[in-house]
């Protein structure tokens, strides 16, 4: 970061790579808190989507500010496809668990615990 | 006389000089508005007591992130984000909430004992990440205003995905992967005739 006379005005006005990475970090941590705190499996899926979005935002930001155009966007589209597949399979599994146990609380589903 | 010029003719003598020119500051204003939307609704998704409210927070966060993509010049990805995430994944999640509505854990965060360490871990990681991000200069990256105008990405992306020397193989691979995942998901949730 270059030293300037008005740090706050520069921070608010000159949007750079750092700003987008910081937003990505906040989204990632919100997703992490969701995954750790929620007990419903659907809630955990919501947290996972937030985390994937944070990663995608970082990829696109590096694409825009970096030397190689389009590479990050291509990677982000692959992440998008994997996220769609993951959501579909995860919900199918959740519905199956709910059918057999009437419960999607991940603290209660402990049949595989050693 | 076109509408914009008419408007400026009427407005400029009245407001002349009193309204600051915001054209230069527009990207920064957009950034902070979209960031507020994305971060606020992501936090709502994280701490809302009811899972439906969390899903709606997630939707607003998707829109905020799509706006940030557009601000970064990835027009195609911004629209794809809305179509795939809001139109697809979020609908799946809401269906999941509806179909599992009888479960007790719909209310989500009954135990504060599991919430405190989670928020603590998140805050610690966030502080570490922030320090790491703002201490690095990422090879002297320039602020957004100094970058060249972004070009439309759709045509270039299409060529990149279908060129054999670029991303054709991963693209076909991910297509087959997506098909397999969807067939697998449909197989998993099929109604069993013999069972119960």
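Residue numbers (our numbering), protein chains in the order written: chain A, 1 to 114; chain B, 1001 to 1196.
The beta-carbon is built from N, C-alpha and C at its ideal position, and this holds for glycine as well.
Owing to the predicted nature of the structure, the values given are computational and were not obtained by experimental measurement.
Query	Result
Contact between the segment 70-77 of chain A and the segment 1065-1082 of chain B (3+ Cβ pairs under 8 Å)	yes
Local conformation of residue 105 of chain A per DSSP, three classes	strand
8 Å Cβ cutoff met for residue 1176 of chain B and residue 26 of chain A	no
C-beta contact flag for residue 37 of chain A and residue 1054 of chain B at 8 Å	no
Neighbour flag for residue 40 of chain A against chain B, beta carbons, 8 Å	yes
Rounded C-alpha distance that separates residue 1023 of chain B from residue 13 of chain A	12 Å
Members of the segment 12-32 of chain A near chain B, C-beta cut-off 8 Å	12, 13, 14, 15, 16, 17, 18, 19, 20, 21, 22, 23, 25, 26, 27, 28, 29, 30, 31, 32
CB contact below 8 Å: residue 110 of chain A versus chain B	no
Any chain A beta carbon closer than 8 Å to residue 1023 of chain B	no
Neighbourhood of residue 1158 of chain B by C-beta distance below 7 Å, restricted to the same chain and skipping five residues each side	none
Cβ-based burial, residue 49 of chain A [other Cβ within 10 Å; buried from 16]	buried
C-alpha distance - residue 15 of chain A paired with residue 112 of chain A, whole-angstrom precision	49 Å
Close beta carbons around residue 3 of chain A, own chain, < 6 Å, minus the five adjacent residues each side	Note that residue 3 of chain A has pLDDT 48, beneath the 50 cutoff, so the model's placement of it is unreliable and no number is given.
Exposed unless 16 or more other CB atoms sit within 10 angstroms - verdict on residue 1101 of chain B	exposed
Partners in chain A for residue 1133 of chain B, counting only beta-carbon separations shorter than 7 Å	18, 21, 22, 25
Span of the alpha helix (DSSP H), counted from its first residue to its last, around residue 1059 of chain B	1051-1071
Under 8 Å between C-beta atoms of residue 80 of chain A and residue 1164 of chain B	no
Contact with chain B by residue 55 of chain A, beta-carbon distance below 8 Å	no
Chain B within 8 Å of residue 58 of chain A, Cβ atoms only	no
Neighbouring residues, chain A, relative to residue 1153 of chain B (Cβ below 8 Å)	70, 73
Touching by the beta-carbon criterion (3+ pairs, under 8 Å), the segment 51-66 of chain A and the segment 1136-1156 of chain B	yes
Start-to-end residues for the alpha helix (DSSP H) that takes in residue 1026 of chain B	1026-1047
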